[in-house]
Each structure stands twice: as structure tokens, then as C-alpha cells.
Amino acid sequence: MRPSAFCNAGPEHGDAHVSQSRARSALSSASCAPRTPGLAVLSSRAGRLARPQEARMSGCAMRNRHCRGAPLTAELFPETRRCHRIAAGAVLLGGWAQSQALALTAGVDAVIASAPWRHMQTPGGRAMSTANSNCGPLGWQSDALGYRYLRTDPESGRAWPAMPAVFWSLAVAAAEEAGYPGFAPDACLLNRYAPGARLSLHRDQDERDAAAPIVSVSLGLPATFLFGGARREDPCHRLPLYHGDVVVWGGPTRFHYHGVLPVPDGHHPLVGRFRINLTFRKVR
Ligand code: MD3
Ligand code: FE
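With this note's numbering, you'll find the sequence shown wraps up at 1542, consecutive numbering, no jumps.
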């Protein structure tokens, strides 16, 4: 809540007007150089690792060494960003969802037809700058009563729409790729960021299953993701996230502080003037 606590981001990012405690945390190992926005990762699944273990151990550890030695590597060779250990237990799968982006946005449209975008209230009574919806058996809700997961959409009184098959299969495959086989998400929260929208530093701690990771899929406009440590005052790392990027957050970083800086204005050919983020969670 305290503006000064917003991740040492400086006064321009100091307005923490959307303070939430969704649930858990991220870590502080050095992040590698970001991909140059102009260079797209083509054939995002071509680099699929043979065994999940490799994503957790050798593959990403190797790339981290790579990046430490030569910060420009990821810019010159964006494919090195494909699998990237960004913190203990957290793996960036750069561009991994790109080949399915059209199907994913169609899935978003189908969900939104049943459960339209809405700006939820924080427990403190302010409207969130992101618009939200949910699909799957459980949906995240914030209002004057606090944060919780509900089986029905309070706007309609009906169950949340089913998770589109492409959502489920992508989330499960990404988790496995990152070293978390058997992920069975029962909630998918949709976040929509118009330019200027942000998510201030928070933890996701409303999910009961602490062993399960959170899988995050970014679509549309790029944004800068912040991930800190177990304490709000721990220093934050910045990670640019682009259309098609998937991040799997698990292990010791699962309950760390994180947030999203205000999304810069822009236009994306598929998503328009928005960033859409899908987060898959195992709540029960
Ligand atoms: C790091 N959403 O919905 S998802 C959220 O981009 C949320 O919309 C952000 O944080 C977004 O709660 C980031 C990635 C994410 C999710 C959970 C985490 C990162 C995390 C838990 C621990 C550390
Ligand atoms: Fe979160």
C-alpha cells in the first residue's frame, strides 16, 4: 500500500493504488538480458526440452551462465530466451504460446462472452486499474469482503465459464516443460491491462495448494514485470514480458512479491490496445 514500498521503482511508479494480496512470492537470482522487442522468437515450441528435469536444471542453468558471461547474448540470439531460469523454481518460456495466440485470444473472447470484463473493487474500496474475469471451476474475486475464490460469478450468479481446452492444454504442457508435471489448474484468472493499467506489488496467497506452480501467459502489449523477494522491502528485478511469453512460478518463489509496471501505450495486431495475462492456479 505504501507508495514508497513499490519496489524501489522511483516516484513515477510510486502510486500503489491497486494493492492486493493475491498470493505468494518470487526470488532474486539475476535475470538475463531481455529479448530485443523487434526480434520475435519463431517456432516457439521447437526448443522443447526432452525432460522436464532439464528445464529446471541443466538447460536453464546453462543459459543463466551464458547470460551472465555475455549480457548481449539474449538480444543477439533471442532463442536463448526460450527457456530461462529467472529465479529459484521460476522458468521463463519465451514466446512459448505464440503459435497458439490466435486460439488463445478466441478462448478469451468466448470466456468474456459469458463472464464480461469488470473492474473489481479492492477491499479498501478502490477500483482496480486492470479489468478481470475468470474461467474454470473457481474464480478469483476481490471486493469489500476481501480476496477469495468463488464457484460462481457474482455478476451473473452462474458458474464461471469452462476453461477453453487450449487454455488447459497449454498451461499443463508449460508446467511440465518447467519441471512441474501433473499440474491440474482449477482456476484461470484473466487480467486485461489498458495502457496505464498496472498491478502493484503483492503476493498470491489465496491458493491452498502451495506445491503447485502458477502458470502465466502474456498476450498483446508488452509490459515490465517486477519480481521481488519474500519481504515487500526486498529489491525487485525487472523482466520485460512480450506477447506469447509464458512464465511458470513455483518452488521457493511461489509466494514472493511481484507486480506489473503501468503498461505503455501501443497497438498489438491481434490484441489491440491491451495486454492480456492469463494466470492458471491450483486453488483447492
Ligand atoms: C511471481 N499477474 O494476477 S502473472 C496476478 O502479468 C499477477 O498480470 C501478473 O500477478 C500479470 O496475480 C503476473 C505472473 C505471476 C503470478 C504469480 C506469481 C508471477 C508470480 C507468484 C509468485 C511470483
Ligand atoms: Fe500475482
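Glycine included, C-beta positions come from ideal geometry on N, C-alpha and C.
This structure is a prediction, so every number in the text was calculated from the model and none was measured.
- Only residues of its own chain outside the window of five on either side were considered, and among them Val1521 and Asp1523 have a CB closer than 6 Å to the CB of Pro1453, listed in chain order.
- Scanning the stretch 1488-1536 from its first residue to its last, the whole beta strand (DSSP E) runs of 3-plus residues come out as 1495-1499, 1504-1507 and 1516-1518.
- Where Ala1355 is concerned, there is no enclosing alpha helix (DSSP H), because DSSP gives it neither an H nor an E.
- Pairing Arg1466 with Gly1478, the inter-Cα distance amounts to about 30 Å.
- In this structure, the CA atom of Phe1532 is about 14 Å from the CA atom of Thr1482.
- Residue pairing by DSSP puts Phe1483 in a beta bridge opposite Leu1497 and Val1518.
- Going by C-alpha positions, Ser1427 is about 21 Å away from Ala1373.
- Contact holds between the stretch 1405-1425 and the stretch 1384-1397, because three or more Cβ pairs, one in each stretch, are under 8 Å apart.
- With respect to Arg1450, Ile1534 sits close: the two C-beta atoms are nearer than 7 Å.
- In the three-state scheme derived from DSSP, where H, G and I count as helix and E and B as strand, Asp1367 is classed as helix.
- Contact between the stretch 1402-1413 and the stretch 1362-1371 is not established, with fewer than three Cβ pairs separated by less than 8 Å.
- Segment contact: the stretch 1428-1439 against the stretch 1492-1512, three or more CB-CB distances shorter than 8 Å; contact assigned.
- In this structure Asp1464 touches Arg1406 by the C-beta definition: roughly 6 Å separates them, less than 8 Å.
- Met1378 sits away from Ser1414, with the two beta carbons spaced by 7 Å or more.
- The nearest non-hydrogen atom of the ligand MD3 is 6 Å or more from the C-beta of Ser1427.
- Within the same chain, Trp1507, Thr1537 and Arg1539 come within 6 Å of Ile1472 by CB-CB distance, once the 5 residues on both sides are set aside.
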